[in-house]
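Chemist: Quick one: the structure is below, and I'll ask about it shortly.
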Amino acid sequence: MTESISKHERNLSAAIHASTLSRFFIPFGNFLLPLVLWLGNKKSLAFVDYHGKQALNFQISLLLYSVILGAISIPFFLGFLPDILDGGLFRWNEVNDHLDFHFNFDRNFLNLSRFIWPVGIAGLFQAALFVINIVYTILATLRTNEGEYFRYPLTIKFIK
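Per this note's numbering, the sequence shown starts with residue 291, numbered consecutively.
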């Protein structure tokens, strides 16, 4: 399979996968750089077209999973806010007394049982998505550079 794919195609496809790691340096770099590399070469190189779609679909899928995890944890955080603001850690209900602000720290001021588990589990899933992103991006870069057709796991095909 590697004989029919030129070195240029393999390098360009590997660069598309590796460019998704640019998100650590450039905001939305995990979408912008692969998109630019893919759009410039998708019509003339089928191998690059396949891998550009794979890389972008994987990044979009991971973004969607992260947004869903964040949305799941929002109700738990919002349910936790009244405990902090109203008679908990910050006493905002006494603002009318010459703008007094009381900071009250009591060891039982937080009801962590209903907050820490859902948010903690969502945080663990976010960390797992981060590791999956790094590991599979590196794996895709290496396999693509060898001339293999790589398919990411957990990917929804947004771009067909």
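C-beta: ideal position from N, C-alpha, C; glycine also.
These numbers were taken from a predicted model, which means no experiment stands behind them.
#1: How is the alpha helix (DSSP H) around Ser303 delimited, first residue to last?
#2: By Cβ distance, which residues of its chain are closer than 6 Å to Pro324, with the 5 residues on each side in sequence left out?
#3: Does the beta-carbon of Ala430 have 16 or more other beta-carbons within 10 angstroms, so that it is buried, or is it exposed?
#4: Using 8 Å as the threshold, is the C-beta distance between Asn423 and Asn301 below it?
#5: Is the separation between the beta-carbon of Leu432 and that of Tyr355 shorter than 8 Å?
#6: With a threshold of 7 Å, establish whether the CB of Ile411 neighbours any heavy atom of the ligand GTP.
#7: Applying the criterion that 16 or more other CB atoms from any shown protein chain within 10 Å of the CB defines a buried residue, is Tyr442 buried or exposed?
#8: For Phe448, is the classification buried or exposed, using 16 other Cβ atoms within 10 angstroms of its Cβ as the cut-off for buried?
#9: Rounded to the nearest angstrom, what separates Lys450 and Val409 at their Cα positions?
#10: Would Leu427 and Ser351 qualify as a contact pair, given that the criterion is a beta-carbon distance under 8 Å?
#11: Candidates Ser334, Leu327 and Val357: which alpha carbon is nearest Gln416's?
Modeler: Here's the rundown:
#1: Numbered from its first residue, the sequence shown carries residue 303 at position 13. Boundaries of the alpha helix (DSSP H) around Ser303: Lys297 to Ser309.
#2: The residue labelled residue 324 in the question sits at position 34 within the sequence shown. These residues qualify, in order along the chain: Ile306, Ser309, Thr310, Ala345 and Leu346.
#3: For the purposes of this step, residue 430 is taken as residue 140 along the sequence shown, with counting starting at 1. By the neighbour-count rule (16 or more Cβ atoms within 10 Å), Ala430 is buried.
#4: In the sequence shown, residue 423 corresponds to position 133, counting from 1. In the sequence shown, residue 301 corresponds to position 11, counting from 1. No; because the gap between Cβ atoms is not below 8 Å, this pair is not in contact.
#5: Taking the sequence shown and counting its residues from 1, the one referred to as residue 432 is at position 142. Taking the sequence shown and counting its residues from 1, the one referred to as residue 355 is at position 65. Going by C-beta atoms, Leu432 is not nearer than 8 Å to Tyr355.
#6: Annotation note on the ligand GTP: not contained in the displayed structure, which lists no ligands.
#7: Numbered from its first residue, the sequence shown carries residue 442 at position 152. Per the 10 Å Cβ criterion, buried.
#8: Within the sequence shown, the letter at position 158 stands for residue 448. Classification of Phe448: exposed, given that the 10 Å Cβ count is below 16.
#9: Translated into positions along the sequence shown, residue 450 becomes position 160. Translated into positions along the sequence shown, residue 409 becomes position 119. Rounded to the nearest angstrom, the two C-alpha atoms are 34 Å apart.
#10: Position 137 of the sequence shown, counting from 1, holds the residue named residue 427. Position 61 of the sequence shown, counting from 1, holds the residue named residue 351. It should be noted that the sequence gives Thr, not Leu, for residue 427. The criterion of a C-beta distance shorter than 8 Å is not satisfied by Thr427 and Ser351.
#11: Here the question's residue 416 lines up with position 126 in the sequence shown. Per the C-alpha coordinates, the member of Ser334, Leu327 and Val357 positioned closest to Gln416 is Val357.
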